[in-house]
Every structure is written in C-alpha cells, then in structure tokens.
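Comments concern the structure below.
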Amino acid sequence: MVCGSKLEYLDKALELRCSSCGKIEHGHIRCPNGHYTCDLCHNRDARAIIEDSARSTKSHDPFEIADSMMSYPGLPMLGCQHAYIAGGAFIAAVRNEGSRGIAPAIGACFSVLTGSKCGTTDAQRTTMEAVTRVSRAITDLTGPSCCKAYVWNALEVAVAYLKESLGLSLPTHTRKDCPYTHKHPHGCREEKCPYFGAIRRTRG
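Quick note: this note's numbering has the sequence shown finishing at residue 339, numbered continuously throughout.
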C-alpha cells in the first residue's frame with residue numbers, strides 16, 4: 136500500500152513495477168493510481184515483526200502470541216504473512232514449553248518436532264496428519280477466505296493434535312469476538328464464521 140487507495144483485484148495478471156524497489160513482475164493486485172508493491176517489499180516489515188515476536192516472546196500460549204502478531208498496524212488484513220504467524224506462534228509456544236525447533240508453518244513445525252524425513256514412517260505420518268487436519272478444518276471457512284480465521288482455526292486444531300500425538304499440552308481457546316470484521320476487503324462472512332460476535336473462552 137503506497138497511497139492508501141482501495142486496491143484493485145485483477146482477473147488477469149499484469150506486468151507491474153514495484154513502487155519500492157523497481158522490480159518488475161506479474162501481479163493480480165494494484166491500486167487504481169498504478170502503485171504496486173512486490174511480495175518481497177510487501178512482506179518485509181511484517182515478517183520482521185513476526186520473526187522478532189516469535190523469538191522474543193516468553194508466552195506458551197499460541198493464541199496470545201498470534202493475537203499479538205496480528206495486532207501489528209502494518210499487517211494487511213489478508214496475506215501470506217499469516218502463514219508465518221500461524222507457524223511462528225505455534226512453534227514459539229512449543230519452544231517456551233521446553234520443546235525444540237522453529238519453522239514457518241504448522242506442517243513444518245510438526246516436521247521439526249517429530250524429526251520427520253524420508254524413511255521416518257511414524258514421524259512422517261504424524262506430520263502429514265497434522266497438515267491434513269489443519270487443511271480440513273479451514274476448508275469450511277472459505278467464501279470469502281479470511282487469514283485471521285485460518286490462523287485461529289489452524290492453532291486450535293494443531294494444539295489439539297499436538298497433545299494427542301506427542302503429549303505436549305499448550306493452552307487451548309475458543310476464539311471469538313473477532314476485532315477485524317470491518318477490515319475485510321471482500322466482506323466478512325459474519326454469522327457464517329465461528330469467530331464472529333461472541334467472546335473468547337479458555338478451555339484449559
């Protein structure tokens with residue numbers, strides 16, 4: 136975002152020049168004034184904040200960590216930065232419980248935690264099951280998609296499966312009362328979303 140105008144979502148990719156670094160690439164999003172920001176420049180500040188938060192937090196609550204990351208004013212409502220938030224919040228919470236590793240997304244987190252690699256049958260199965268469960272859980276949250284809901288839902292599923300598969304317990308939450316409803320550029324799903332219009336309750 137360069138000038139603050141409402142973004143245009145293009146049906147067909149156009150050749151666009153980044154207003155920050157001058158890089159030319161094909162993109163589907165620009166502002167009506169012709170401004171464009173490449174993925175690298177678009178993510179730079181937010182990613183640095185996410186990484187710093189993941190490294191510095193002392194919390195073992197992945198929801199608390201994710202909420203702190205998502206409150207960053209420069210973070211877009213939608214975007215691939217949320218994959219780093221989900222993974223960073225989850226693995227930071229696990230680390231603060233005394234476990235090991237760091238990775239940018241939940242599947243990678245389980246891979247690190249289990250030591251999953253070619254030939255490790257049980258570890259691979261656990262990692263793939265974690266990814267499958269998270270993917271299955273967020274499938275029904277589309278239309279339109281919402282990265283905030285994906286983060287919360289992915290963490291709920293991941294925390295539950297972490298305890299089931301590895302015996303590691305992190306705080307669990309039912310996340311409600313989403314503060315980002317009015318910011319969704321495609322219109323919030325409102326009552327169709329499980330995080331709309333209630334309160335957060337801690338389950339344990």
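Think of the CB as a built atom: it goes at the ideal place given N, C-alpha and C, for glycine as much as any other residue.
Beta carbon of residue 296 nearer than 8 Å to that of residue 265: Residue mapping note: residue 296 aligns to position 161 of the sequence shown, counting from 1. Residue mapping note: residue 265 aligns to position 130 of the sequence shown, counting from 1. A contact, by the Cβ cut-off of 8 Å.
Could you check what DSSP says for residue 151 in three-state terms: helix, strand or coil? As a first step, residue 151 is located in the sequence shown; it is residue number 16 there, counting from the start. Judged by DSSP in its simplified three-state form, residue 151 adopts strand.
Backbone CA spacing between residue 339 and residue 169 [nearest angstrom]: Numbered from its first residue, the sequence shown carries residue 339 at position 204. Numbered from its first residue, the sequence shown carries residue 169 at position 34. Here residue 339 scores only 43 on pLDDT, less than 50, and its place in the model should not be relied on; the value that follows carries that caveat. For the pair residue 339 and residue 169, the Cα-to-Cα distance works out to about 50 Å.
Applying the 10 Å Cβ sphere with the 16-neighbour rule, what's the burial state of residue 156? On the sequence shown, position 21 is the one that residue 156 refers to. By the neighbour-count rule (16 or more Cβ atoms within 10 Å), residue 156 is not buried but exposed.
For residue 219, which three-state DSSP category applies? Within the sequence shown, residue 219 is the residue found at index 84, counting from 1. Looking at residue 219 - three-state DSSP - the assignment turns out to be helix.
How many angstroms separate the CA atom of residue 197 from the CA atom of residue 269? As a position in the sequence shown, residue 197 is number 62, starting the count at 1. As a position in the sequence shown, residue 269 is number 134, starting the count at 1. Roughly 15 Å between the two C-alpha positions.
Check whether the Cβ atoms of residue 221 and residue 289 lie closer than 8 Å to each other. Here residue 221 refers to the residue found at position 86 of the sequence shown. Here residue 289 refers to the residue found at position 154 of the sequence shown. Yes, these two residues count as a Cβ contact at 8 Å.
Using three-state DSSP, classify residue 312 as helix, strand or coil. Locating residue 312 in the sequence shown gives position 177, counting from the first residue. Note: residue 312 maps to coil in three-state DSSP.
Run through DSSP, which three-state label would residue 324 get? Translated into positions along the sequence shown, residue 324 becomes position 189. In the three-state DSSP reduction, residue 324 falls in the coil class, being neither helix nor strand.
According to DSSP, simplified to helix, strand and coil, what is residue 280? Numbered from its first residue, the sequence shown carries residue 280 at position 145. Three-state DSSP puts residue 280 in coil, outside helix and strand.
6 Å CB neighbourhood of residue 115 in its chain, flanking five on each side removed: As shown, the chain starts at 136 and ends at 339. That puts residue 115 outside it, with no answer to give.
Report the three-state DSSP secondary structure of residue 275 (helix, strand or coil). Indexing the sequence shown from 1 puts residue 275 at position 140. Looking at residue 275 - three-state DSSP - the assignment turns out to be coil, as it is neither helix nor strand.
Nearest-angstrom Cα separation, counted from residue 213 out to residue 279: On the sequence shown, residue 279 is found 144 positions in, with the first residue counted as 1. On the sequence shown, residue 213 is found 78 positions in, with the first residue counted as 1. Cα to Cα, residue 279 sits roughly 11 Å from residue 213.
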